[in-house]
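Trainee: Here the sequence shown is numbered in the UniProt record's numbering, starting from 1 and rising by one per residue.
From the three backbone atoms N, C-alpha and C, an ideal C-beta is built for every residue, glycine too.
Please read these numbers as outputs of a predicted model, since none were measured by experiment.
Before I ask anything, here is the structure I am working with.
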Amino acid sequence: MRLSALYRYPLKSARGETLQHIGLDKLGLEGDRRWMLVDEASGRFLTQRAVGRMSQLSALWNARGGLTLSAPGHATLEVALPDETAALRGVTIWQDSLRVPDAGDEAGAWASEFIGKPTRLVQVPLERARTTAAGYGKDDDQVAFADGFPLLLIGQASLDDLASRVGRPLEMLRFRPNLVVEGSEAFAEDNWKRVRIGDVEFRVVKPCSRCILTTIDPQTGERSPDREPLATLQKYRAREDGAMFGQNLVNDGIGQLQVGMPVIVLE
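As structure tokens, this is what we get:
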């Protein structure tokens with residue numbers, strides 16, 4: 001088995017970046033989902049679930065930790081990483097409330113114009129990161145602005161199996177994984193507990209429950225009128241808490257990942 005693809009999403013629910021290599025820190029892939037858009041009034045997080053056009057928003061991470069924002073019909077904007085003097089903003093993501101640095105008025109104005117209502121751009125530094133969902137993993141596991149866990153892994157054979165049942169090709173980016181593994185059987189990842197890629201070990205902590213976001217075409221932002229592939233997932237991958245596809249991971253330690261690295265199942 002080998003690592004066949006790497007994806008990073010610097011801004012939660014915006015377009016992903018395809019990578020050949022990337023470093024890992026305590027919050028998963030370096031720069032992954034460290035930024036988020038929130039409603040200015042409530043501080044509530046915004047995603048493609050409610051704002052489908054976010055699929056057309058590009059947010060490229062740079063080595064200084066900042067972002068380059070771009071979208072069709074909008075000027076490109078370079079956003080600097082907030083420093084220690086940046087104002088803190090109260091935000092809510094799912095059940096978590098926290099205070100994180102605001103990226104400033106220029107970024108807020110750009111985001112507001114794109115979203116169509118008053119919006120702010122925020123960033124989470126390591127010292128303000130959330131802890132992962134209780135009952136899974138370790139008490140000190142942390143996550144940035146990903147839904148629940150730092151990393152998501154999907155086997156390529158699992159996607160191929162789903163596509164064959166749906167009856168048409170499916171883009172892996174519909175499911176927004178970080179790590180794609182080639183060479184395993186379909187859904188083999190369901191039974192993994194620990195894996196090693198390169199010099200880094202990962203714990204498999206929880207299956208990923210899928211939502212309506214999987215029905216959004218990552219290229220066009222349009223929703224599938226037949227609710228696929230979620231409808232098919234709900235027929236053969238349903239559990240009490242949803243239709244499962246992919247596995248959430250936590251990395252134990254830091255290091256480097258590169259496409260082509262062998263994937264070793266330790267447990």
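#1: With distances taken between CB atoms, is the gap from L266 to R196 smaller than 7 Å?
#2: What residue does the beta strand (DSSP E) around Q247 start on, and which one ends it?
#3: Which same chain residues, not among the five before or five after residue 295, have their C-beta less than 6 Å away from its C-beta?
#4: S158 lies in the alpha helix (DSSP H); which residues open and close that run?
#5: Is A75 helix, strand or coil when you go by DSSP?
#6: Measure the Cβ-Cβ separation of L60 and M261 and say whether it is below 7 Å.
#7: Tell me where the beta strand (DSSP E) around E113 begins and ends.
#8: Is Q48 closer than 7 Å to S70 when the C-beta atoms are compared?
#9: Excluding sequence positions up to five away, which residues of its chain have a Cβ less than 8 Å from the Cβ of W192?
#10: Could you check whether Q123 and T131 sit closer than 7 Å to each other, using their CB atoms as the reference points?
#11: State buried or exposed for A146, treating a residue as buried only when at least 16 other CB atoms are found within 10 Å of its CB.
#12: Answer yes if the region 157–165 comes into contact with the region 229–236, meaning at least three C-beta pairs across the two stretches below 8 Å, and no otherwise.
#13: Here's a check: name, in chain order, each residue in its chain whose Cβ is nearer than 8 Å to the Cβ of H21, leaving out the five neighbours to either side.
#14: Can the beta-carbon of W35 be found closer than 7 Å to that of P72?
#15: Between the beta-carbon of V263 and the beta-carbon of V180, is there less than 7 Å?
#16: In terms of alpha-carbon separation, which member of P218, R168, G155, A86 lies closest to R15?
#17: From the DSSP output, in three-state form, read off G52 for me.
#18: CA-CA distance, residue 308 and A243?
#19: Taking 7 Å as the limit between beta carbons, can you name the residues of its chain near P177, skipping five residues before and five after?
#20: Below 8 Å on the Cβ atoms is my guess for R174 versus G52; work out the distance and round it to an integer in Å.
#21: Should P169 be counted as a contact of the ligand SAH given a C-beta to heavy atom distance under 6 Å?
#22: Tell me the DSSP secondary structure of L152 in three-state form.
#23: Spatial neighbours of S112 within its chain, please: CB distance less than 7 Å, with the 5 preceding and 5 following residues excluded, ordered by chain position.
#24: Apart from the five residues just before and just after A186, which ones in its own chain have a Cβ nearer than 8 Å to its Cβ?
#25: If we call anything under 7 Å between Cβ atoms a contact, is E17 one with G23?
#26: Contact check, residue 319 vs L67 under 8 Å by CB: the rounded distance?
#27: Between which two residues does the beta strand (DSSP E) carrying A5 extend?
Mentor: Taking the definition as stated:
#1: Here L266 is near R196, since their CB atoms are less than 7 Å apart.
#2: Unbroken beta strand (DSSP E) run through Q247: 242–252.
#3: Outside the displayed range of the chain (1 to 267) lies residue 295, so it cannot be described from this structure.
#4: Note, S158: alpha helix (DSSP H), 156–166.
#5: It is a strand residue.
#6: Contact flag unset, no.
#7: Unbroken run through E113 is the alpha helix (DSSP H), 105–115; no beta strand (DSSP E).
#8: Result no, Cβ atoms of S70 and Q48 do not sit closer than 7 Å.
#9: So the list reads V204, Q247, V265, E267, once near-sequence residues are dropped.
#10: No. Outside cutoff.
#11: With at least 16 other beta carbons inside 10 angstroms of its own, A146 counts as buried.
#12: Under the 8 Å Cβ criterion, the region 229–236 counts as touching the region 157–165, having at least three qualifying pairs.
#13: If we look at H21 and ignore the five residues flanking it on each side, its Cβ neighbours are L6, Q256, L257, Q258, V259.
#14: Result no, Cβ atoms of W35 and P72 do not sit closer than 7 Å.
#15: Not closer than 7 Å, so no.
#16: Checked all of P218, R168, G155, A86; the closest Cα to R15 is P218.
#17: It is helical.
#18: No answer is possible for residue 308: the residues shown for the chain start at 1 and end at 267.
#19: Excluding sequence neighbours, P177 sits near Y7, L152, L153, I154, G246.
#20: Going by Cβ atoms, the distance from R174 to G52 rounds to 13 Å, so no, they are not a contact pair.
#21: Only the bare structure without any ligand can be found here, which leaves the ligand SAH out of the picture.
#22: Note: L152 maps to strand in three-state DSSP.
#23: Excluding sequence neighbours, S112 sits near P118, T119.
#24: Take A186, set aside five residues on each side of it, and the residues of its chain with a beta-carbon closer than 8 Å to its own are G155, A157, S158, D160, D161, in chain order.
#25: With a cutoff of 7 Å on beta-carbon distance, E17 and G23 are scored as not near each other.
#26: Any answer about residue 319 is impossible in this case: the structure gives the chain only from 1 up to 267.
#27: Residues 2–8.
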